Structure formats: structure tokens, C-alpha cells
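Under our numbering, the residues of the sequence shown are numbered 35 to 600, in order.
Inspection log for the structure reproduced underneath, given as C-alpha cells.
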Amino acid sequence: MKIPENHQLVLLNQLISSLIEQIPLIKTFKGKWSVIKNKLNDLHTQLNDLSDFPSKNFSSNSLSSELLLSISQTLTDALSLADKCIQDPILSAGKLRTQSDIDSISAKLDQHIKDSDLLIRSGVLLQDTSISNNNCNTNYVSLSTTTSKREIVRVEARNLITRLQIGNSESKNTWMDSLLGLLHEDDKNVLTAVAQGVVPVLVRLFDSSCLEIKEKAVSAISRISTVDSSKHVLVAEGILLLNHLIRVIESGSGFAKEKACIALQALSFSKENAIAIGSRGGISSLLEICQSGTHTSQAVAAGVLRNLALFGEIKMNFVDENGIPVLIALSASGTALAQENSIGCLCNLVAKDEKMKLLVVKEGGIKCFVNFWDAAPMARNLEVAVGLLLNLASCRLIAEVLVSNGFIARLIDLFKCGVSSMRIAASRAVYELGYCTKTRKEIGEAGFIPLLVKMLDAKAAEEKDAAAKALSCLMQYMGNRRILRKEDRGIAATVQLLDPSIHNLEKEYPILILLSIAQSKKCRRQMIDAGAGAYLQKLVEMEVEGCKKLLECLGRGKLWGVFART
Numbered sequence: 035m036k037i038p039e040n041h042q043l044v045l046l047n048q049l050i051s052s053l054i055e056q057i058p059l060i061k062t063f064k065g066k067w068s069v070i071k072n073k074l075n076d077l078h079t080q081l082n083d084l085s086d087f088p089s090k091n092f093s094s095n096s097l098s099s100e101l102l103l104s105i106s107q108t109l110t111d112a113l114s115l116a117d118k119c120i121q122d123p124i125l126s127a128g129k130l131r132t133q134s135d136i137d138s139i140s141a142k143l144d145q146h147i148k149d150s151d152l153l154i155r156s157g158v159l160l161q162d163t164s165i166s167n168n169n170c171n172t173n174y175v176s177l178s179t180t181t182s183k184r185e186i187v188r189v190e191a192r193n194l195i196t197r198l199q200i201g202n203s204e205s206k207n208t209w210m211d212s213l214l215g216l217l218h219e220d221d222k223n224v225l226t227a228v229a230q231g232v233v234p235v236l237v238r239l240f241d242s243s244c245l246e247i248k249e250k251a252v253s254a255i256s257r258i259s260t261v262d263s264s265k266h267v268l269v270a271e272g273i274l275l276l277n278h279l280i281r282v283i284e285s286g287s288g289f290a291k292e293k294a295c296i297a298l299q300a301l302s303f304s305k306e307n308a309i310a311i312g313s314r315g316g317i318s319s320l321l322e323i324c325q326s327g328t329h330t331s332q333a334v335a336a337g338v339l340r341n342l343a344l345f346g347e348i349k350m351n352f353v354d355e356n357g358i359p360v361l362i363a364l365s366a367s368g369t370a371l372a373q374e375n376s377i378g379c380l381c382n383l384v385a386k387d388e389k390m391k392l393l394v395v396k397e398g399g400i401k402c403f404v405n406f407w408d409a410a411p412m413a414r415n416l417e418v419a420v421g422l423l424l425n426l427a428s429c430r431l432i433a434e435v436l437v438s439n440g441f442i443a444r445l446i447d448l449f450k451c452g453v454s455s456m457r458i459a460a461s462r463a464v465y466e467l468g469y470c471t472k473t474r475k476e477i478g479e480a481g482f483i484p485l486l487v488k489m490l491d492a493k494a495a496e497e498k499d500a501a502a503k504a505l506s507c508l509m510q511y512m513g514n515r516r517i518l519r520k521e522d523r524g525i526a527a528t529v530q531l532l533d534p535s536i537h538n539l540e541k542e543y544p545i546l547i548l549l550s551i552a553q554s555k556k557c558r559r560q561m562i563d564a565g566a567g568a569y570l571q572k573l574v575e576m577e578v579e580g581c582k583k584l585l586e587c588l589g590r591g592k593l594w595g596v597f598a599r600t
């Protein structure tokens with residue numbers, strides 16, 4: 035028959051009193067037994083504090099039952115050991131063994147004191163035990179007709195967090211399974227557990243000697259990292275959590291590495307964290323996963339590297355670790371996500387770095403890039419590839435290679451995909467590829483100009499601006515000007531970009547477009563009819579470059595009278 039907890043507290047205090055009475059009679063290892071006596075006094079105080087909790091809650095709480103049972107076992111063992119020391123003062127069983135047994139008792143008492151203190155501070159002995167005793171069940175809704183599901187989850191989360199700090203590794207390992215089940219049920223459970231303080235507890239479990247507990251802690255952290263509203267709590271753990279995760283990707287199992295990479299992907303957006311990962315050998319370990327990890331871990335590791343490559347301070351780490359060939363190889367052989375992340379990483383690496391661009395080309399990046407582009411199922415899947423194309427094309431030498439590899443023809447489909455960001459990136463790539471008369475002619479003949487003109491009427495100012503910039507480059511070839519003049523909305527749409535009320539739009543590009551065709555009387559008339567005069571007069575007052583010259587061009591033929599129109 036189970037002893038009620040309040041009665042069990044009385045028995046425990048009796049055991050403590052008996053042990054304290056016996057300790058002065060022990061003649062060996064007096065110093066160690068004196069320390070144990072002090073710990074017994076502390077434990078006695080805590081047991082009295084536990085007795086102050088509501089008897090109903092205390093007697094029905096399984097956490098308190100487990101703790102008291104464990105304390106009882108330790109005190110019983112201590113009494114037996116004390117009796118042996120009294121009965122056999124010369125310690126015929128061996129001094130070293132006896133010393134080890136005393137140290138073991140002392141360590142267990144330390145743990146009991148710590149666990150008792152945690153149980154008192156956690157608040158689990160104050161909560162509704164009718165909820166907490168049953169909520170290991172996953173069917174939360176059926177547990178109580180009067181308690182909300184959120185409250186049940188909150189109580190369960192608090193119980194689990196407390197359990198993960200009490201007891202031995204075996205029990206903690208079991209409760210980690212329950213916690214993972216709770217976290218994976220839905221995102222709201224994650225938010226609830228985080229609010230109850232699960233993250234610092236999980237971080238401490240990384241120091242566990244049990245490999246299974248460590249891996250489950252990594253899994254729990256990775257799950258939390260997938261919920262945006264919880265990421266800031268992980269970030270707050272700082273370098274300590276990063277160090278643990280980096281150690282996992284260095285020497286953990288394949289499963290643990292994958293989960294650690296998921297967490298690192300969420301944490302590597304900040305410059306401080308990125309530099310910390312780079313300076314602690316993280317890039318080397320991530321590249322190794324990209325080479326020999328599972329398909330899933332390769333994709334996530336490349337995602338972390340993609341984030342890290344955003345920061346110039348650690349770009350050279352990629353070169354030092356021979357990362358460019360690894361990323362290029364992954365872009366050719368990995369899963370779709372791994373390829374996308376490796377291309378994205380290369381895109382970030384080469385941004386504003388001419389040497390890095392040339393290194394990518396030298397390592398065979400263009401060929402893999404072409405294969406990736408051509409294998410994409412739809413144009414809308416190429417956003418990251420267009421970003422890399424844009425960054426590479428800004429280097430004149432590489433732009434020539436890209437043109438010779440047929441990228442002008444590949445770009446045109448992106449204008450028809452219906453995604454604004456894709457059209458913007460493609461327009462900027464057109465501007466970079468139009469580095470000479472020959473390529474401008476090729477771009478014009480390929481049919482880009484009508485598509486760019488259509489973009490001038492887009493809602494987003496960024497899209498208008500990108501199209502105008504590309505057209506301003508293409509208009510440097512005379513044949514392209516003839517194509518523009520034939521477009522019904524070409525001139526009128528360009529003139530509308532001069533409107534000073536349209537913000538976040540560079541006026542120099544529409545001015546360059548209009549100046550390129552202003553020699554034609556017909557074109558000048560169309561500009562004036564579209565209201566260019568009024569816009570230009572305002573821009574002249576604002577001292578916008580080029581507008582005075584265009585205004586003078588429109589003044590030919592004594593058409594000034596129309597400028598008064600608004």
C-alpha cells in the first residue's frame with residue numbers, strides 16, 4: 035500500500051534525525067560525515083517547506099512522489115553505511131571503497147537538495163493536479179471539460195520542464211520524448227513551452243553525459259527554431275547555444291547534425307552570430323556535411339552557409355576552407371533545395387567581390403549554373419539563379435562568358451512568369467548584360483523591349499525603376515530606339531515616370547530614354563502630349579540632372595505654349 039506523502043515526509047525526517055544522531059559516533063572520515071550532516075540539515079529544512087504545500091496537490095503529484103522515494107532510498111543507504119562505519123572503525127571492507135560510498139551519498143544529497151528547491155520554486159505543487167496527472171496523454175481535449183486546451187498544455191509544459199531538471203538521466207530521457215511529442219503537435223505548443231522557460235533547460239541538457247538526451251535536446255531546439263515568434267529566445271542564449279550546436283555539427287550523429295543545422299539556419303541571420311559561427315570552425319564542419327551528409331542535412335547545411343555568406347567579414351573563410359568547389363559540386367548533384375541553397379550561397383559570396391566572381395568561374399561555376407538553370411521546372415523557381423546571374427554579370431569579363439553561354443535567350447521567359455521580383459531581377463540582369471553595342475542589339479532583337487515597356491506601367495516603383503534602367507542602357511543602340519518608338523505606350527509610360535510625385539524612382543533613367551529619341555519631331559510631340567513639359571519644369575526647379583537638356587530639346591519648334599498644361 036502506498037504511503038501518503040505527508041506521512042512519508044514524517045518518516046524521512048525521522049531517518050534524517052537518526053542519521054544526524056549517528057554521525058558523531060563515526061570515527062573515520064569525520065570531515066566528510068560533517069559535510070553530510072550539514073546537507074541533512076538543509077534537506078530537513080526543505081522537507082518542512084514541502085509539507086507547507088496543499089496536501090491534496092502534494093499527495094497527488096507524481097513528481098513529489100518520485101523525489102521522496104529517491105530521498106528515502108539515499109537516507110536508508112546512508113544509515114546502513116553509517117552503521118558499518120560505527121561497527122567496523124578500522125574499515126576492513128576497504129578505506130577507498132568506503133570513501134567512494136560516502137562521496138556517492140554526499141553527491142546524491144546535493145542532487146536531492148537541488149531537486150527539492152526546484153520543485154518548490156517551479157510552482158507545480160500549486161497547480162490543478164487533476165490536469166497535471168493526466169496530461170502525458172496526447173488527447174488534451176478529452177482531459178477536462180472545464181479547462182481550456184491551452185491551460186492543459188501550459189501545465190503539461192511546466193511539469194515536463196521541471197521533470198527535465200530532476201532525477202537521473204534515464205528519467206530525463208523518457209521525459210524528453212514527452213516534450214518532443216508536445217512540441218511537434220503544433221506551433222502554439224512551442225510558444226507555450228517557450229513561455230514556460232523550456233529553452234534554458236534544453237541548453238543545459240547539452241552538457242548531459244547521455245548521448246540520447248543531447249540529441250533530443252538538439253531536436254527540441256531545432257523544432258523551436260522553426261517557429262518565428264520563438265527565435266528571439268534562442269538568440270538570447272547567445273554564444274553558449276551556438277557553441278553547443280557547432281560541437282554537434284562537428285561530431286554528432288547524422289540525425290543530430292541535421293537538427294543542429296536547422297537551428298543554426300534560424301540563428302545565422304545576425305552578423306554577430308554569423309561571425310561567431312565562422313570564427314569557431316563552423317564553416318569547415320558545414321562544408322563537410324555538404325560533401326558527405328545525408329540529402330536533407332546537405333540542404334540545411336547549405337542554407338546555413340547561404341546566410342553566413344551575406345557577411346563580408348567571413349567570406350574569406352569560405353576560400354580558406356576551399357568552399358567554392360564544394361558549393362559548386364552540390365549545386366550540380368544535391369537535392370533541389372540543396373542546389374538552390376548552394377546557388378544562393380554563391381550568389382551572396384560573389385556580391386560586390388570581383389575576385390570571388392572570377393574564382394567561381396575558374397572552378398567551373400558557369401557550367402553548373404547553366405545546368406541548374408535549364409533543369410528548373412518553371413521560371414519562377416529561378417529567383418536565386420537570377421540573383422547569381424545579376425551579380426556575375428556586373429563583371430565585364432564574366433558577362434561576356436554568360437552571353438556566349440546563351441543567357442540572353444534564357445532571361446526572356448522570366449518576364450512572363452508573373453512574379454514581380456523575378457522581373458525586377460531579370461531587368462537588372464539585362465542592364466548588366468548590355469555592356470556593348472553587340473549585346474544591346476542582340477537583346478533588342480530577342481524581344482525584350484516590349485516586355486520592359488510593359489513593366490513601366492507596373493504598380494511597384496521598384497519594377498518601374500528596374501525596367502527604365504534597362505531601357506536606358508538598350509537605347510544606346512539606334513535599332514532599339516526604333517523598336518521603342520513603335521510601342522504604343524513606350525513614350526507615354528516613360529514620361530509618366532518623370533512625375534515628381536512618384537517617389538523611390540530615379541529620374542535619370544527615363545530622362546536618358548527620352549533624350550535618346552528626342553531628335554525625332556514626332557517623338558517630341560508625343561512627349562509633350564503626355565505632359566513632359568510640366569514635369570520637366572518642376573524637375574528643373576529641383577535641379578535634377580539631365581532634365582534641363584531634355585526640356586530644351588522639347589522647346590524646338592516653338593512649342594513652349596503647351597508647357598503650361600498640367
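The beta carbon of each residue, even a glycine, is placed where N, CA and C say it ideally should be.
Nothing here was measured: the structure is a model prediction, and the numbers come from that model.
Measuring only the C-alpha atoms, how far is C587 from C557? Position 553 of the sequence shown, counted from the start, is the residue given in the question as residue 587. Position 523 of the sequence shown, counted from the start, is the residue given in the question as residue 557. Looking at the two C-alpha atoms, the distance is approximately 11 angstroms.
Going straight from the alpha carbon of A116 to that of D137, what length do you get? The sequence position of residue 116 within the sequence shown is 82, counting from 1. The sequence position of residue 137 within the sequence shown is 103, counting from 1. So the two alpha carbons sit approximately 13 angstroms from each other.
Would you say I54 and W67 are within 8 angstroms of each other, going by their C-beta atoms? By 1-based counting over the sequence shown, the position of residue 54 is 20. By 1-based counting over the sequence shown, the position of residue 67 is 33. Not closer than 8 angstroms, so no.
Give a yes or no on whether the C-beta atoms belonging to L364 and A385 are separated by under 8 angstroms. For the purposes of this step, residue 364 is taken as the residue at position 330 of the sequence shown. For the purposes of this step, residue 385 is taken as the residue at position 351 of the sequence shown. Cβ distance not < 8 angstroms, so L364 and A385 don't count as in contact.
Under 8 angstroms between C-beta atoms of A566 and L539: In the sequence shown, counting from the first residue as 1, residue 566 sits at position 532. In the sequence shown, counting from the first residue as 1, residue 539 sits at position 505. Result no, Cβ atoms of A566 and L539 do not sit closer than 8 angstroms.
Contact set for V267: own chain, Cβ-Cβ below 6 angstroms, skip 5 residues either direction: Reading the sequence shown from its first residue, position 233 is the one you call residue 267. Closer than 6 angstroms at Cβ, skipping near neighbours: V228 and V233.
Please report how far the alpha carbon of E388 lies from the alpha carbon of A463, in whole angstroms. Here residue 388 is taken as the residue at index 354 of the sequence shown, counted from 1. Here residue 463 is taken as the residue at index 429 of the sequence shown, counted from 1. Taking the straight line from one Cα to the other gives about 16 angstroms.
Cβ neighbours of A127 in the same chain (closer than 8 angstroms, five flanking residues each side left out): By one-based count along the sequence shown, residue 127 stands at place 93. Closer than 8 angstroms at the Cβ level, and outside the excluded window around A127, lie K118.
Using a beta-carbon distance below 8 angstroms, is L570 in contact with chain C? Any reference to chain C falls outside this structure, which holds one protein chain only.
Would you kindly work out how many angstroms separate the C-alpha atoms of C581 and V487, rounded to a whole number? Counting from one through the sequence shown, the residue named residue 581 turns up at place 547. Counting from one through the sequence shown, the residue named residue 487 turns up at place 453. Rounded to the nearest angstrom, the two C-alpha atoms are 21 angstroms apart.
Where does T108 sit, in a helix, a strand or coil, going by DSSP? On the sequence shown, position 74 is the one that residue 108 refers to. Helix.
Taking all protein chains shown into account, decide if L218 is buried (16 or more other Cβ within 10 angstroms of its Cβ) or exposed. Stepping through the sequence shown from its first residue, residue 218 is reached at position 184. The identity of residue 218 in the sequence shown is His, whereas the question assumes Leu. Using a 10 angstroms sphere on the CB of H218, the tally of other CB atoms stays under 16, which defines it as exposed.
Answer yes or no: do L584 and L548 have a C-beta to C-beta separation smaller than 8 angstroms? Within the sequence shown, numbered from 1, the residue matching residue 584 stands at position 550. Within the sequence shown, numbered from 1, the residue matching residue 548 stands at position 514. Yes, these two residues count as a Cβ contact at 8 angstroms.
Taking its Cβ as the centre, do 16 or more other Cβ atoms sit within 10 Å of V395, making it buried, or is it exposed? The residue given as residue 395 occupies position 361 in the sequence shown. It is buried - the Cβ of V395 has at least 16 other Cβ atoms within 10 Å.
Examine the Cβ distances between the region 261–275 and the region 242–253 and report whether three or more of them are shorter than 8 angstroms. By the Cβ criterion, the region 261–275 is not in contact with the region 242–253, since fewer than three pairs of Cβ atoms, one from each stretch, lie closer than 8 angstroms.
Grab the span of the alpha helix (DSSP H) containing N439 for me, first residue to last. By one-based count along the sequence shown, residue 439 stands at place 405. Segment: none, N439 is in no alpha helix (DSSP H) and carries neither H nor E.
Taking 8 angstroms as the threshold (C-beta atoms), are R340 and N307 in contact? Position 273 of the sequence shown, counted from the first residue, corresponds to residue 307. Position 306 of the sequence shown, counted from the first residue, corresponds to residue 340. Not a contact, by the Cβ cut-off of 8 angstroms.
From N277 to L448, what distance separates their C-alpha atoms? As a position in the sequence shown, residue 277 is number 243, starting the count at 1. As a position in the sequence shown, residue 448 is number 414, starting the count at 1. Approximately 42 angstroms, taken between the alpha carbons.
Excluding the 5 residues preceding and the 5 following Q42 in the sequence, name in chain order all residues of the same chain whose CB lies nearer than 6 angstroms to its CB. As a position in the sequence shown, residue 42 is number 8, starting the count at 1. Within its own chain, the residues whose Cβ lies closer than 6 angstroms to the Cβ of Q42, once the five positions on either side in sequence are excluded, are L102, listed in chain order.
Length of the line joining the Cα atoms of L194 and D149: Within the sequence shown, residue 194 is the residue found at index 160, counting from 1. Within the sequence shown, residue 149 is the residue found at index 115, counting from 1. Taking the Cα positions, L194 is about 14 angstroms away from D149.
According to DSSP, is Q199 part of a helix, a strand, or is it coil? Numbered from 1 along the sequence shown, position 165 holds the residue referred to as residue 199. The answer is coil: DSSP assigns Q199 none of H, G, I, E or B.
If contacts are defined as beta-carbon pairs under 8 angstroms, then I186 and L109 qualify, I think. What distance do you get, rounded to the angstrom? For the purposes of this step, residue 186 is identified with residue 152 of the sequence shown, where counting begins at 1. For the purposes of this step, residue 109 is identified with residue 75 of the sequence shown, where counting begins at 1. About 36 angstroms separates the CB atoms of I186 and L109; that is not less than 8 angstroms, and the two are not in contact.
So, L518 versus I483, is the Cβ gap smaller than 8 angstroms? Translated into the one-based positions of the sequence shown, residue 518 becomes position 484. Translated into the one-based positions of the sequence shown, residue 483 becomes position 449. In this structure, I483 lies closer than 8 angstroms to L518 by Cβ.
Reference L320; option with closest CA among K293, S535 and Q48: Looking up residue 320 in the sequence shown gives position 286. Of the candidates K293, S535 and Q48, the residue whose Cα lies closest to the Cα of L320 is K293.
Nearest to G312 by CA position, among R457, L298 and A366, is which residue? In the sequence shown, residue 312 corresponds to position 278, counting from 1. Nearest of R457, L298 and A366 to G312, Cα basis: L298.
Would you mind listing the alpha helix (DSSP H) stretches within the region 483–514 that are 4+ residues and don't spill past its ends, in chain order? For the region 483–514, whole alpha helix (DSSP H) runs of length 4 or above, ordered along the chain, are 495–508.
Among S156, V282, A504 and N47, nearest to R314 - alpha-carbon criterion: Walking along the sequence shown from the start, residue 314 turns up at place 280. It is V282.
If you draw a straight line from the alpha carbon of E347 to that of C381, how long is it in whole angstroms? Numbered from 1 along the sequence shown, position 313 holds the residue referred to as residue 347. Numbered from 1 along the sequence shown, position 347 holds the residue referred to as residue 381. A direct Cα-to-Cα measurement between E347 and C381 gives close to 16 angstroms.
Under 8 angstroms, do S242 and S203 count as touching if we go by C-beta distance? Here residue 242 refers to the residue found at position 208 when the sequence shown is read from its first residue. Here residue 203 refers to the residue found at position 169 when the sequence shown is read from its first residue. In this structure, S203 lies closer than 8 angstroms to S242 by Cβ.
When the Cα atoms are used, what is the spatial distance from R188 to D220? Translated into the one-based positions of the sequence shown, residue 188 becomes position 154. Translated into the one-based positions of the sequence shown, residue 220 becomes position 186. Distance between R188 and D220, taken at the CA atoms: about 13 angstroms.
Same chain, Cβ closer than 6 angstroms to L371, five either side skipped, listed in chain order: In the sequence shown, residue 371 corresponds to position 337, counting from 1. Excluding positions up to five away in sequence, the list reads A333.
Between V235 and the rest of its own chain, which residues show a CB-CB distance below 8 angstroms, the 5 nearest in sequence each way excluded? The residue given as residue 235 occupies position 201 in the sequence shown. Excluding positions up to five away in sequence, the list reads I195, L198 and Q199.
Given a cut-off of 8 angstroms on the beta-carbon distance, is the pair Q48 and I147 in contact? Within the sequence shown, residue 48 is the residue found at index 14, counting from 1. Within the sequence shown, residue 147 is the residue found at index 113, counting from 1. No, Cβ-Cβ distance for Q48 and I147 is not below 8 angstroms.
Helix, strand or coil at K73 according to DSSP, with G and I counted as helix: Residue mapping note: residue 73 aligns to position 39 of the sequence shown, counting from 1. Of the three classes helix, strand and coil, the one that applies to K73 here is helix, per DSSP.
Who are the Cβ neighbours of A501 in its own chain at under 7 angstroms, not counting the five residues just before and after it? Taking the first residue of the sequence shown as position 1, residue 501 is located at position 467. These residues qualify, in order along the chain: S461, L486, M489 and L490.
Comparing alpha-carbon positions, which option in R155, T62, H78 and K71 lies nearest Q121? For the purposes of this step, residue 121 is identified with residue 87 of the sequence shown, where counting begins at 1. The candidate whose alpha carbon is nearest that of Q121 is T62.
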